[in-house]
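Everything below concerns the one structure shown next.
Protein chains in written order, with my numbering: chain A, 4 to 301; chain B, 142 to 1212.
In structure tokens:
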């Protein structure tokens, strides 16, 4: 049975960015056991499964690409138990898409819960959920028709030429039931106000099978597109391949044997804010939902 | 299990395989990785999958494999290039750091091109270290006082000439109009190889003299014998200071193999200075030097030859990881490979983690148990566990009883200890001849040299037995807990001494010292002894970087010895590399023979390492002016302060490479004061990428290239089971300007600086025939490519890598088409290694190094790249040595010592109002002094914080975000005095957390810069504005406690040499 979470935080602002000012304050009411995650039994004999899930996913990806686009459905699963909160994915995303300051398609939240010395800490990577019924698309297209669309493989896309300006950005952001999905591109450089703008910032970013200079994406709304240019070239999204904890899975949900399908079917996976009924393509895995996520997400 | 396995191996159904993958804690799967991995890669690369508009970035010809250097982990990288610009860095799938398990080494490049491994955020941001707007590209010369941040760009030729010839180099600077700087030329005093060798032998003789009088006589003899050459000496009355050459020092921060040999060749083997010093003690010196002590071997009558290294956990197979002061997924050599292995085993239910650390580290968030211990009490903790384990007889008797190699083999072990060896009351081992158990025996070594063997002794069932520790035929085992008398000698075993050291306090008393509960210690001891060999107590910086660091580490490693986990899968393992120096059979380039006129440096180093105070000509009773270090080296915090004290002798010229001592060291501000004193350091030449926290005090800065533009051999770390040698090699065109050296145009790099000086000084071992007959040494690659050939050759004939195919040769060249001739010239490169080795060199470089396949690292449950030698839990050599300050014998066994200065006086500043105990930690986005240049990392972590427990915050009235100033007994003003008129206060922002022990505060390293692009500098009269984003946060090292006796350096470990990072009490004041 899949647990349903609501991302609306009821009691207090619980999630903060890893890089943000505060990694959660401890609520006095939440004293919990120090014994976490560990399920108590050791597999015997303890043998390492020398599997290479990256290669398996790559192989599945190639299989999926053989099919026509409408026959595949991309999905991402994030096993938060394995996330170490390193934010390698965030930087990989910036580097892959040559993103300007203020924009990253992926952030990792850090949550500390409990009171000294009975503590828990979680890391929660989030990005655009690539919803099957995305509320942002209608909201954006109402203001500027053709701003956003949904590809047959489930990826929600933005037309950078059309989706310009704060108004459409804010409308889409407001309509989105998730935080940290949409970003506004102010066209800045990381090396502005230094002795020289560096060459990597002058390179064009390759997204949606096109190339964009920084000028061209200025004032556009930006968001995760599952690294579609990577996946269509037989590579995994940048965040997935760089994940140091191998906490992320990516693949074709229409292939019942794929790793992501296994996770989707598993009892421990869930979607955030299912109540919004947008059918997100990104799922999460965690133990003890009642004791963790559900404490703050209704 | 077996059946599942077979299904996979026959490869008839990939779905079957997927069903059995360990999803969501499912069953363990044993796989023969290399058959199916090959199939998957092949599958992934066939079929009609490649879209027409193939991404340039997935083409092998746009990829160069190399090695990261954003920290010292050494992850393999694959750099993707567009038009010669590095645009994206990925993990190298051939590297065991970045893919677990790595793809088979022989996988063709065409198949690996779109397989990306993982990297941490620093690795992902690495191209910003290269494309940094604050990099220097020309040689800079000081155009104002030291530290005044005024520079002029000068030509490479001018810089080299001035440094070599000396003169009134800074006559334009006020106060220095008449100062004459001595150049390298006059300090290159002793050049005669024969004389140097004879002097060295004569100095050895002086050292051996027992009394001051005898030494005096020997010195007079020396003066007579070398009367013609006394002008080459620093001080003829003290020949053991060595020649004037020693007044030139070369000091480095992060340095790996290749460049290490390059520097050593220059400063030691050619210039003849003994002062070539690294920075080990600021990292985890006492971890290395405990490893060295414990790996000491009995060779030809002497205990000698310990390795400067340490052991770490086989994280892929361990069942119980007790991480002590070890931030496994933030620092501690790599989140990449550790995280992948640990997280998988954790969710699969195969691993338990417990963490002993005053801070709730990230690894603690994955642990079932967090023990917030008081800093500096790790030995007390380990001794409590040791006591429980011995008293409850939970130790591995078979392992510990084995007294020699044969016994270990018989017991099914690869290594053995001296736990059962008998030790006399005076601390030395009982020898068989002393109790007439056996006669001394004359033996010959392989060179025919005779040595005397006097067997060691164990007691077995009351009977003494003589043995040879290295005997691989006659197994000898000894009783473990012995306290008896044999003849006239009172004897105890090593383990008995360990037990007695652990039994000086009850477990409750130990727990009290640690500020934790005895029941937690017992619970951990039970768990630790419940996994056979697959448990490890793993110490790191948190254990080593204290004044008692050496004995803390010894206690934790002794704890491991009790379960005998060395060389076992899931136990303690060591690093193994393919060697670069040609010392293996059949290697084409034997570097040992490639220096035609190698000089042997002689004399005591300025940090007095590898030498006993009592043997020197300046021995004058206790205390000595500064500490001496017979068992440690690379004592970073002693280098500049010893120059200030001119102890044992004055220094003149300082070279630094990748060094930021003022920033990195605790109490590093003392270095600033010394560096600005022209009398203490008369000429300072820095090699750096930017104008850094140390190089800003230099007279000349030679620009270096970054890790994406150069060579190095990164070696391995003890947690990597495979034999490896990652090869760092030029990926992009160097961004520095060029110079002509030995008639060849080359980019400004560390190597070019050295080559230029060597040319000007006409140093042996460089230039024409510099590497031997018909082997010129004109350029960096003349030195490095032969090393790659040695790696390709492997351990012995038959171990060579395959030749690169024609296709891969083409890819190799195509991927380097953007490199200028000053760096890459395929014909020249090929000529260096010769046709025979070229294709093998390309095979290695195409993969960013040589990496053994995972399956070869283990044989059953045992580790194949084994340590396999004696492990000392009792250190006889130490008991026979004294502290140069206290004159007291060193301890030879795991022991607990309170935090103290070098005189042994306990440090306690609480009565003076300094009540908060300060610790530091690693944030994954920063590597000490050098990653603030990476803006993508600052985007994640714009600043650091002063972490404080909510109870303390309440007590002191601090709120989240409050700004607080650090003060301490050593720094009551709470500032960095930059000695250029600027005092930078140590002010940080409070972050109130639960995850730190009350009474402890912490800040992460990497912020709070004052140089490195964070402040304005003037070059050629033009102001270069600093970037405030590089100056954020706080760096409170200047608050760290100085040693009351030494005064100009931090508290330190007098045995292992480590600096103390975690022994300072501070006061925080709201500002």
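The beta-carbon is built from N, C-alpha and C at its ideal position, and this holds for glycine as well.
Reference residue i, options the options, closest by Cα
i, options, result
"residue 1011/B", "421/B, 560/B, 499/B and 1047/B", "560/B"
"residue 3/A", "186/A, 202/A, 172/A and 187/A", "Coverage of chain A is limited to positions 4 through 301, which leaves residue 3/A absent and any answer about it impossible."
"residue 714/B", "579/B, 625/B, 476/B and 453/B", "453/B"
"residue 1133/B", "225/A, 213/A, 127/A and 119/A", "119/A"
"residue 396/B", "934/B, 361/B, 314/B and 798/B", "798/B"
"residue 889/B", "278/B, 231/B and 212/B", "278/B"
"residue 1213/B", "225/B, 950/B and 810/B", "Outside the modelled stretch of chain B, which goes from 142 to 1212, sits residue 1213/B, for which no answer is possible."
"residue 126/A", "267/A, 253/A and 248/A", "248/A"
"residue 740/B", "336/B, 1113/B, 1004/B and 217/B", "336/B"
"residue 1178/B", "1210/B, 1120/B and 1116/B", "1116/B"
"residue 79/A", "197/A, 71/A and 157/A", "157/A"
"residue 439/B", "380/B, 562/B and 478/B", "562/B"
"residue 217/B", "985/B, 1135/B, 1212/B and 1166/B", "985/B"
"residue 753/B", "373/B, 1021/B, 483/B and 445/B", "1021/B"
"residue 330/A", "279/A, 63/A and 253/A", "With chain A covering 4 to 301 only, the question about residue 330/A has no answer from this structure."
"residue 1165/B", "931/B, 1152/B, 649/B and 645/B", "1152/B"
"residue 645/B", "529/B, 565/B and 626/B", "529/B"
Cβ neighbours of residue i in the same chain (closer than 8 Å, five flanking residues each side left out)
i, result
"residue 137/A", "151, 153, 159, 179 and 281"
"residue 313/B", "284"
"residue 538/B", "621"
"residue 41/A", "Interpretation of residue 41/A is limited by its pLDDT of 30, a score under 50 that renders its predicted location unreliable; no figure is taken from the coordinates."
"residue 223/B", "197, 198 and 203"
Paired residues, beta bridge with residue i - DSSP
i, result
"residue 1114/B", "Looking at the DSSP assignment, residue 1114/B forms no beta bridge with any residue, so it has no partner."
"residue 283/B", "292/B"
"residue 121/A", "118/A"
"residue 130/A", "109/A"
"residue 844/B", "829/B"
"residue 82/A", "288/A"
"residue 592/B", "584/B"
"residue 1083/B", "Beta-bridge pairing links residue 1083/B to no other residue."
6 Å Cβ shell around residue i - same chain, five flanking residues per side excluded
i, result
"residue 37/A", "Residue confidence for residue 37/A is low, a pLDDT of 24 falling below 50, so the modelled location carries little weight; the figure read from the coordinates is stated next. Within the same chain, residue 37/A has close Cβ partners 121."
"residue 107/A", "93, 96 and 97"
"residue 310/B", "303 and 322"
Own chain partners of residue i with C-beta closer than 7 Å, once the 5 adjacent residues on each side are dropped
i, result
"residue 287/A", "81, 83, 272, 273 and 275"
- Item | Against chain A: residues of the stretch 484-498 of chain B by CB proximity under 9 Å | 484, 485, 486, 487, 488, 489, 490, 491, 492, 493 and 494
- Relative to chain B, which residues along the stretch 207-235 of chain A have a C-beta separation below 8 Å, given in chain order? 209, 212, 232, 233 and 235
- Query: Listed from N- to C-terminal order along the chain, which residues in the stretch 371-390 of chain B have their beta-carbon within a distance smaller than 8 Å of any beta-carbon of chain A?
  - Reply: none
- Message: Output needed in chain order: residues of the stretch 90-124 of chain A with a Cβ under 8 Å from some Cβ in chain B.
- Response: 90, 91, 93, 94, 95, 97, 98, 99, 101, 104, 107, 115, 117, 118, 119, 120, 122, 123 and 124
- Message: I'd like to know if the stretch 669-686 of chain B and the stretch 638-658 of chain B are in contact, where contact means that at least 3 CB-CB pairs between them fall below 8 Å.
- Response: no
- Message: If contact is defined by three or more beta carbon pairs under 8 Å, each pair taking one atom from either stretch, is the stretch 683-691 of chain B in contact with the stretch 1185-1198 of chain B?
- Response: yes
- Contact list for the stretch 302-318 of chain B against chain A, Cβ threshold 7 Å: none
- Just checking, does the stretch 969-989 of chain B make contact with the stretch 943-952 of chain B on the three C-beta pairs under 8 Å criterion? yes
- Any chance the stretch 361-377 of chain B sits against the stretch 724-738 of chain B, with 3 or more Cβ pairs inside 8 Å? no
- Please determine if the stretch 206-215 of chain A and the stretch 288-302 of chain B are in contact, where contact requires at least 3 C-beta pairs separated by less than 8 Å. no
- Return the residues of the stretch 1009-1038 of chain B that lie within a Cβ-Cβ distance of less than 7 Å from chain A, sorted by chain order. none
- Message: Within 8 Å, do at least three Cβ pairs link the stretch 858-869 of chain B to the stretch 877-884 of chain B?
- Response: no
- Identify each residue in the stretch 1035-1067 of chain B for which the Cβ-Cβ distance to at least one residue of chain A is less than 9 Å, and report them in chain order. 1065 and 1066
- Message: Counting only Cβ-Cβ distances shorter than 8 Å, please list the residues of the stretch 172-192 of chain A near chain B, keeping chain order.
- Response: none
- Interface residues of the stretch 1122-1143 of chain B facing chain A [CB-CB below 9 Å]: 1130, 1132, 1133, 1134, 1135, 1136, 1137, 1138 and 1139
- Would you call the stretch 1085-1101 of chain B and the stretch 805-818 of chain B touching, i.e. three or more CB-CB distances under 8 Å? no
- Item | Residues from the stretch 127-151 of chain A in contact with chain B, defined by Cβ distance under 7 Å | none
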